[in-house]
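2 protein chains.
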Amino acid sequence: MNKKRQPGDTHEIKMHVWLEKDGGVYFGQGRYDLLMKIEELGSLKLAAEAMGISYRGAWGKIKKTEEIIGEKLIEKESNKEGYKLTVFGKKFMDEFNSLHSDILEFAVKRSSEMMSRIL
Amino acid sequence: MNKKRQPGDTHEIKMHVWLEKDGGVYFGQGRYDLLMKIEELGSLKLAAEAMGISYRGAWGKIKKTEEIIGEKLIEKESNKEGYKLTVFGKKFMDEFNSLHSDILEFAVKRSSEMMSRIL
Numbered sequence: 026m027n028k029k030r031q032p033g034d035t036h037e038i039k040m041h042v043w044l045e046k047d048g049g050v051y052f053g054q055g056r057y058d059l060l061m062k063i064e065e066l067g068s069l070k071l072a073a074e075a076m077g078i079s080y081r082g083a084w085g086k087i088k089k090t091e092e093i094i095g096e097k098l099i100e101k102e103s104n105k106e107g108y109k110l111t112v113f114g115k116k117f118m119d120e121f122n123s124l125h126s127d128i129l130e131f132a133v134k135r136s137s138e139m140m141s142r143i144l
Numbered sequence: 026m027n028k029k030r031q032p033g034d035t036h037e038i039k040m041h042v043w044l045e046k047d048g049g050v051y052f053g054q055g056r057y058d059l060l061m062k063i064e065e066l067g068s069l070k071l072a073a074e075a076m077g078i079s080y081r082g083a084w085g086k087i088k089k090t091e092e093i094i095g096e097k098l099i100e101k102e103s104n105k106e107g108y109k110l111t112v113f114g115k116k117f118m119d120e121f122n123s124l125h126s127d128i129l130e131f132a133v134k135r136s137s138e139m140m141s142r143i144l
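Keeping their order, the protein sequence lines are chains A and B. Okay, so the first sequence: first residue is 26 according to our numbering, each after it adds one. Okay, so the second sequence: first residue is 26 according to our numbering, each after it adds one.
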C-alpha cells in the first residue's frame, strides 16, 4: 500500500456524454463517429461497414436523431451516389465536439484538484 | 421534421465518468455502487450478489482500486463478520460523488446553452 500518487503518475479522468429525450438516446459518441465516417467516406454504406454496424441500423440511428432534433443531418450528394453532412449536420457536429471538449476540460481540472487533495 | 424543441421537452445530457491509471479503470460508477452496497448491507458477499457479480470479482475490483490509490477502502467489522467502509473509503466516496455532481452540473448548464442556441 505504498503507491501514493507521484508526479508523473498518469491518473486520468475519462467520460462518455450523450443526449437523451424522454429517456431515449439520440446522440452520443457512436453517432458522432458514424457521421464523421460518412463525411470522410462520402457513403452511408461504407461508413456503416467501417463502424461494424448494419446499413439499416446506421440509417435508423440517423433518422431517429433527425426526427428528435427536427433537422436533417445528412443529404444525398447532388448528381452522385452517397451522402454528406448537411450544413446543419456540420454545425451540430461542431457543437457536440465543443460541448464534449468543454465538459472534459472542466472534468480534468476538477478531478486533478480532487486527486492532489486526497491521493 | 416539425419536432423543434418546445418548452417542457425533456432533452437531457447524460454522462459516465471514471478514473484510469496507465489505461486501466480503477474507479467509476460500478465500484461506487458496489461500495455503497457494502456500507448498506455490511457484507461484501451480499453486496456482490446485489450487484450481480461474483464475490471474487467484487474483491478483485476493490483490491485493484486500493492498490492504485494506496489506501484501504473497506475493512472488517470488529468482532463481526462482514465489511464496512474505512474512514478514507467514506471520504473517497464523498469526493467521487461531489466530483460527479460538479461535472454533471457543468454539463447540464453547458448543454442547455447549446440546445437553446441550435435546436
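For glycine and all other residues, C-beta sits at the position ideal for the given N, C-alpha and C.
Over what stretch of residues does the alpha helix (DSSP H) that includes residue i continue unbroken?
i, result
"I45 of chain B", "What sits at residue 45 of chain B in the sequence shown is Glu, not Ile. That residue, E45 of chain B, is in no alpha helix (DSSP H); its beta strand (DSSP E) goes 36–46."
"G55 of chain A", "54–66"
For a contact defined as C-beta to C-beta under 8 angstroms, what are the partners of residue i on chain A?
i, result
"E37 of chain B", "L44, E45, K46"
"K116 of chain B", "I143"
Which residues in chain A sit within 9 angstroms of residue i, going by Cβ to Cβ distance?
i, result
"S136 of chain B", "V42, L44, L124, I128"
Cβ of residue i within 9 angstroms of Cβ of residue j?
i, j, result
"I99 of chain B", "L66 of chain B", "no"
"E96 of chain B", "F113 of chain B", "yes"
"K101 of chain A", "Y51 of chain A", "no"
"L124 of chain A", "M139 of chain B", "yes"
"I143 of chain B", "M40 of chain B", "no"
"K86 of chain B", "A75 of chain B", "no"
"H36 of chain B", "L44 of chain A", "yes"
"I22 of chain A", "S103 of chain A", "Residue 22 of chain A cannot be examined here, being either before or after the span of chain A that is shown, 26 to 144."
"Y57 of chain A", "N122 of chain A", "yes"
"K53 of chain B", "V42 of chain B", "Just to set this straight, residue 53 of chain B is Gly in the shown sequence, not Lys. Closer than 9 angstroms, so yes."
"E64 of chain B", "K105 of chain B", "no"
"F117 of chain A", "I94 of chain A", "yes"
Name the chain B residues whose beta carbon is nearer than 7 angstroms to that of residue i?
i, result
"E120 of chain A", "M139, I143"
"A132 of chain A", "V42, I128"
Task: Any alpha helix (DSSP H) of 4 or more consecutive residues that is wholly inside the segment 70–139 of chain A - done: Every alpha helix (DSSP H) of 4 residues or more that sits fully in the segment 70–139 of chain A is shown, in chain order, as 80–94.
Task: Interface residues of the segment 82–107 of chain A facing chain B [CB-CB below 8 angstroms] - done: Interface annotation for the segment 82–107 of chain A against chain B: E91, E92, I93, I94, G95, E96, K97, criterion Cβ-Cβ distance under 8 angstroms.
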